[in-house]
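Order-wise, the sequence lines are chains R and F.
At position 201 of the first sequence the residue is numbered 229 (the working numbering), and the sequence of numbers has no breaks.
At position 185 of the second sequence the residue is numbered 616 (the working numbering), and the sequence of numbers has no breaks.
Even glycine gets a Cβ: it sits at the ideal position worked out from N, Cα and C.
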Amino acid sequence: MILQRFLIRLITMAITLLGVSVVVFVIIRVAPGDPIAMMLPPGATDADIARLRALYGLDRSIVEQYFIWLSGVVQGNFGTSISLRQDVMSLVLSRLPATLELSIFALLIALIIGGPLAIVGAREQGTAVEAGIDVANGAALSIPDFLWGLALILLFGVLWPVFHISGRVSPRMDLPFVTQFYLFESIFRLRFDLTRDLIGHMFMPALALALPLAAIISQLLKISLKEVMTLDYVTLARVKGFSETKVILREALKNAALPTLTLIGVQFTFLIGGTVIIERLFSYEGLGNMAIDAVINRDLPLIQGIVLVFALIFVLINLAVDMMYALLNPRLRHG
Amino acid sequence: MSACLDISNLSATLPSGQRVLRSVSLTVQPGEVRALVGESGAGKSMIGKAVLGVLPPSVRIVEGAIRLEGTDLGALSAKERRRLIGAKAALIPQDPLTALNPSRRVGPQMTDRLVHILGWAADKADRRVRQLLDEVHIREPDRVMKAYPHELSGGMRQRVLIAAAFASEPRLIVADEPTTALDVTVQKQILRLIAQLQQEHGTAILFVTHDLGVVAKVSQKVTVLYAGKVVEEADTPALFANPQHAYTRALMAATPKYTDPQASLKPVDESVLAGLAAEIAVADHDWRPHG
């Protein structure tokens, strides 16, 4: 039963990814702009152009190109980047950890800000405190992440320079790392000087990404909490003599978190999408920053590789959300 | 000896200023079952909520006092009130399907008051709850305590809630229509169970119900409520033998009888309601909350 569900899940995931790959493949080839023209100097002859086109397989039909690419992908070969002349897979893998670290850090910040605000708001419902939280949420939500990025650069990079505004790590740091997960590895190796430097770089882009999500978490969780707090078992807990904070944490939070959790999954994928611009803004060497370069250079194999990786992450997040939902909701556990 | 519960001259209003409780006074003596009867919207559940300190935030008590074993709840801080109610009172809720937290196992939901509010040791609380589960005729305490609420039937869950209410030996239990949400066949068993536990433990009960049949079965005293106002108060047998107020008589006439199932259901007589409405309008007009 469980195995069957898991298999169905796996097949849907594969179909989703296949669909994404087709759409991306077609769109970037139909869109104007020629990667070959961008590679060659202005004086190139038609023969040169034709030779290069043949080299990258661009002289074939789109359908043919797709199946050639797909058969490579199935074997783990995503082709060669046109602009960087390196294996797409290793390029993507070298940048992906930076983006994952940034996104997860941002998600943590969003949870750390949004969760407690929701709890305080639900506890203080109907008071000025709740109204204040609503106003803050409204502001955080209505300003998009890249504007938060600019505001943060101005505030903590220029006016009161406490954080680094560019890059992932200070250039003078020697890096003993064997993986690209610098932050995790620095903690793991107890190199907290490096951890500090990495967070100093990561904090502002992560905060910019996190603020809108924090507002969504805070608002939605607060609404769910208030709804759950009208239920009989919460009343019963109050009658038992538990304080309002205990009532929220013990009785209401877990059940109110269920609807919020699904939304966090969806919003987290938006957040990862947001890394593309935010990484550019902070010159953070992640996958998003690379994606922009790839688009500018019409680097078709690299774009395809990056988009497919993003799609895979999104699908995995959805899977994770479903699994956590089942874990938190005992009624779904034995299905 | 002071009354277990003493409500005197209690009035409560909505933000609009409309009164939902109109100078209600009633007492429950130790070990006594008082039924609080009325139609839906009469404010009977509101009184139960006021006693337990769980009125919705929109409802404000504007006058009167609630004394639990002589202590005026209004004179306590929120925390003291919570602790006192937690220690001395308990609730048997209306709907057993929504009164247990779906994501927590049943056992901890039954013992948490004993352990965290009354400060009992975990194993003592566990033994106590098992004993009560036995008293409500649950034969597999292990299974039930490890179960999630959705794994138990409605009647089973109501037994669990009754056991949990009695487990802390409260002085007063508010039973808020505890059989309304149940199957008719289960209703009787649950009523019998509450009556039996009440007698064994000598607990005072404020029994909120709209069902006069239930009133006759479980209570010694009755308070009849209409639109947040006490219209009649009597010993239960006296009330049924000789109802004084026209509304009480109308309410009895509107109750379907097993002896005459063919008789059509009668609504409460409109002229009686009109009289009551006039009475209440006059009372409201003259009413000013003092202090």
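| Query | Result |
| --- | --- |
| By Cβ distance, which residues of its chain are closer than 7 angstroms to residue 329(R), with the 5 residues on each side in sequence left out? | 106, 107, 108, 109, 110 and 116 |
| For residue 546(F), does the three-state DSSP call read helix, strand or coil? | helix |
| Residue 62(R): buried (16+ other C-beta within 10 angstroms of its C-beta) or exposed? | exposed |
| Got a sec? Which residues, its chain only, sit under 8 angstroms from residue 451(F) by beta carbon, not counting five neighbours each side? | 443, 444, 445, 474, 477, 490 and 659 |
| So residue 268(R) and residue 557(F) are supposed to be a Cβ contact under 8 angstroms. How far apart are they, rounded? | About 17 angstroms; that fails the 8 angstroms criterion. |
| What are the uninterrupted segments assigned as alpha helix (DSSP H) that are 4 or more residues long and contained completely in the region 620-706 of chain F, given in chain order? | 643-649, 667-672 and 677-685 |
| So residue 458(F) is in the beta strand (DSSP E); what residue range does that whole segment cover? | 450-459 |
| Look up residue 438(F) in the DSSP assignment and give the residues it is bridged to. | 457(F) and 497(F) |
| Measure from the alpha carbon of residue 647(F) to the alpha carbon of each residue in 511(F), 522(F), 619(F) and 632(F), then state which is nearest. | 619(F) |
| Using a Cβ-Cβ distance under 8 angstroms, would residue 271(R) count as near chain F? | yes |
| For residue 363(R), is the classification buried or exposed, using 16 other Cβ atoms within 10 angstroms of its Cβ as the cut-off for buried? | Only weak support exists for where residue 363(R) lies, its pLDDT of 39 falling under 50; the coordinates are left without a value. |
| Considering Cα atoms alone, identify which of 188(R), 173(R), 216(R) and 223(R) is closest to residue 197(R). | 223(R) |
| Could you list the residues in the region 637-669 of chain F with a C-beta less than 8 angstroms from some C-beta on chain R, going in chain order? | none |
| If you check the beta carbons only, do residue 486(F) and residue 530(F) fall under 8 angstroms apart? | no |
| Anything in the region 242-260 of chain R with a Cβ closer than 7 angstroms to a Cβ of chain F? List those residues in chain order, please. | 259 and 260 |
| Does residue 530(F) come within less than 8 angstroms of chain R when only Cβ atoms are used? | yes |
| Count the other CB atoms within 10 Å of the CB of residue 279(R); is the residue buried (16 or more) or exposed (fewer)? | buried |
| Use the C-beta contact count for residue 568(F): other C-beta atoms within 10 angstroms, 16 or more gives buried, fewer gives exposed. | exposed |
| Label residue 601(F) either buried or exposed according to how many other C-beta atoms from any shown protein chain fall within 10 Å of its C-beta, with 16 as the threshold for buried. | buried |
| Distance, Cα to Cα, residue 614(F) vs residue 585(F)? | 8 angstroms |
| From the DSSP secondary-structure annotation, give me the bridge partner or partners of residue 468(F). | 640(F) and 655(F) |
| With which residues is residue 603(F) paired in a DSSP beta bridge? | 520(F) and 635(F) |
| Run through the DSSP bridge pairs and tell me what residue 127(R) is partnered with. | Note: residue 127(R) sits in no beta bridge, so no partner. |
| For residue 244(R), which residues of its own chain have a beta-carbon under 6 angstroms away from its beta-carbon, when the five flanking residues on both sides are left out? | 295 |
| Count Cβ pairs between the region 118-128 of chain R and the region 280-293 of chain R that sit closer than 8 angstroms; are there 3 or more? | no |
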